[in-house]
Amino acid sequence: MFKPGFKHAAALLFLGLWTLGTVAVTLHLAPQQPARGNTPAPPAEDSMFAVPSKPRLANLPSEPAPLPEAQVITAEPLNTRPAQTPPPKVQPPKSPKAAWLGTVSAQYDDPANWEGGLPAEGADLVVRAGAQRLQLPAEFQLGSVVIEAGARLSAEAGTIRVLGNWENLGTFEPGQATVEFSGSNQTVYGKTAFYRTRFSGGVKRLAEGAALSTTRRHNAKIGEAGVVVEAGTTLLIERGASCTISNAYGFQVAGRLEIDGGTFTCEVCNGGHSGWEDSWLDGSELVLRSGMFRAGGDADFSGASITVYGGSLEVDDDIWHSGTRLEIAGGTVRNCTSGAMFRLSGVVAMSGGKLVAHQTGQRGLRVSQEASFSATGGTLELSGSSLSSGSREDNGSENEGGIWLGTGIQVHDFRVSASTYINLNSAASASLTISGTFAIARNKCFDAQGFRVLATVPNSPDQGEFLP
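My numbering runs 21 ahead of the 1-based position in the sequence shown.
Dropping the structure here:
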């Protein structure tokens with residue numbers, strides 16, 4: 022067995038001291054190395070022994086070095102105010118009442134041509150006498166309009182809406198524009214020819230001396246009426262005023278046409294039997310208090326209710342339908358001249374006035390099967406060419422001469438001014454009841470041709486002949 026001696030102990034002591042010194046020198050002289058796990062090693066003291074250091078804090082990001090003073094950037098404070106918009110373009114002033122002077126040019130949108138600046142939408146407009154012609158924009162709305170004597174106002178196309186009154190003492194050039202009167206209650210003064218005009222809402226008055234006319238000449242197709250009275254609207258033609266429709270089928274009434282002393286003149290009234298404009302729509306009204314309604318050609322009042330208190334309703338050709346209701350309290354309703362058809366349709370009620378049916382060789386009074394004719398007053402008169410039963414005109418056709426009765430009628434006074442007869446093609450149950458005076462002009466004859474006539478026939482030398 023090995024037994025260590027003194028020499029061995031000394032050698033071991035020397036070896037241990039040498040090893041310890043080597044480690045100390047190594048710790049003092051070796052560069053620091055990071056510990057595993059990326060944890061930095063504690064710093065070594067300048068001694069022979071390694072002394073543990075305090076725990077190190079986590080590495081913080083280093084602060085950037087300040088920029089040179091000349092390059093230091095100072096942050097602006099936050100601006101919470103909204104960004105300013107550029108100022109709007111200055112517009113010419115708009116005036117609620119404008120007078121056209123036209124002193125600079127004929128340019129509408131030049132404020133220098135206006136007294137008080139450009140007119141605002143719906144402004145009252147005055148066109149001064151002696152000014153250059155004012156041409157309105159294609160689409161515009163005005164309040165009242167006054168065209169002074171010697172002044173000119175023109176339009177080319179589009180729609181000009183007028184909310185107030187219209188007074189024309191100068192010249193209006195309509196072009197192909199529509200002038201729409203769309204205020205609640207308006208009055209038209211002076212003489213004006215329109216290409217198209219539309220009356221919408223409330224009461225529209227043609228005042229005394231006013232003369233409204235249209236410029237179109239060709240027949241009006243559907244949608245081309247020159248004068249339109251909308252539903253819920255009354256066009257009132259006062260004493261001394263006139264409304265003249267220059268072309269056939271050139272007007273349309275859906276509301277109320279009322280004549281109180283004035284005159285309404287048209288060429289032809291249509292009732293929907295062709296491709297032309299309908300003159301009377303369902304629910305329309307014609308009221309004649311005094312003055313005249315006159316059609317130069319055929320008239321068809323289908324869809325209209327007609328009330329005549331006075332004045333004269335005259336059709337110079339055929340009347341094809343008398344409307345849904347014809348009420349005569351005064352005045353005169355007649356057809357004459359070139360036509361002779363007078364067809365009564367719907368309800369006919371007379372309490373006064375006169376209904377004159379003009380006849381020719383082939384046409385005369387026609388009472389439709391659906392009609393209802395009654396009278397408590399007034400006179401039914403047959404006039405025109407004298408016809409005799411058995412002549413070539415009496416061939417049993419509804420469209421031939423004489424009186425054709427589709428149903429029985431009851432009249433008050435009945436006057437025969439031209440010889441006539443009851444058409445043989447009348448309904449077998451048809452009858453004529455006369456509650457008032459039955460007068461046949463001297464040398465004239467009324468032939469009932471076997472149909473029932475209930476009347477008192479006077480015996481007088483001035484009385485014509487009655488054949489039952």
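All residues carry an ideal CB built from backbone N, CA and C; glycine is no exception.
Measuring straight from C-alpha to C-alpha, what distance separates residue i and residue j?
i	j	result
A120	V166	10 Å
K375	V354	6 Å
G429	P158	60 Å
D131	R219	30 Å
P482	G457	19 Å
A439	Q484	13 Å
G276	S305	5 Å
A241	G296	9 Å
Q476	G398	Just to set this straight, residue 476 is Ala in the shown sequence, not Gln. Each residue's Cα considered, the two are about 15 Å apart.
F394	I243	33 Å
G271	E298	7 Å
E245	D303	18 Å
F490	A451	The structure shown does not extend to residue 490, since the chain is modelled only from 22 to 489, so the question has no answer here.
Looking only at its chain, what residues have a beta carbon closer than 7 Å to the beta carbon of residue i, apart from the 5 residues adjacent to it on each side?
i	result
N480	none
E259	R226, L227, A228, E229, D281, G282, G283
F487	I461, F467, V478
R149	A120, W121, L122, E169, A172
H239	N268
Can you tell me whether DSSP reads residue i as helix, strand or coil?
i	result
P140	strand
A476	coil
A133	helix
G282	strand
L190	coil
N446	coil
M362	coil
H379	strand
D483	coil
A231	coil
Q197	coil
N464	coil
G296	coil
R217	strand
H239	coil
D321	strand
H342	strand
Q162	strand
Please identify the residue among the options whose C-alpha is closest to the C-alpha of residue i.
i	options	result
E194	A350, G427, Y216, G253	Y216
V248	I168, G211, E288	E288
Q197	Y330, T235, L190, A449	T235
L403	A133, A378, V478, Q162	A378
L408	T180, G385, S393	G385
Q494	E142, S300, W135	Coverage of the chain is limited to positions 22 through 489, which leaves residue 494 absent and any answer about it impossible.
I181	E348, F161, I455, I168	F161
Q431	S410, G405, N446, V369	V369
L334	N464, L278, H294	L278
L155	E348, S366, Q273, E177	E177
L347	A262, V224, S326	S326
Given residue i, which residues of its chain have a CB within under 8 Å of its CB, disregarding the five upstream and five downstream residues?
i	result
P489	A469, G471, V474
G222	S203, G204, S205, E251, G253, T254
G317	T286, C287, E288, V289, D337, D338
G191	V148, A150, I168, E169, A170, G171, A172, R173, L174
Got a sec? Which residues, its chain only, sit under 6 Å from residue i by beta carbon, not counting five neighbours each side?
i	result
R387	R364, W425
G351	Y330, G331, G373, G374
D145	K118, G164, S165
N186	S165, Q207, T208
M362	D339, R384
Using the beta-carbon count (16 or more within 10 Å), is residue i buried or exposed?
i	result
T254	buried
T400	buried
N206	exposed
H342	buried
S126	exposed
A320	buried
H433	buried
E391	exposed
A133	exposed
Between residue i and chain C, is there a C-beta pair that is closer than 8 Å?
i	result
N480	Of the protein chains in this structure there is only one, and it is not chain C.
I want to check one thing, is the minimum distance from the CB of residue i to the heavy atoms of the ligand ADP below 7 Å?
i	result
F202	Absent from the structure shown: the ligand ADP. Ligands present: none.
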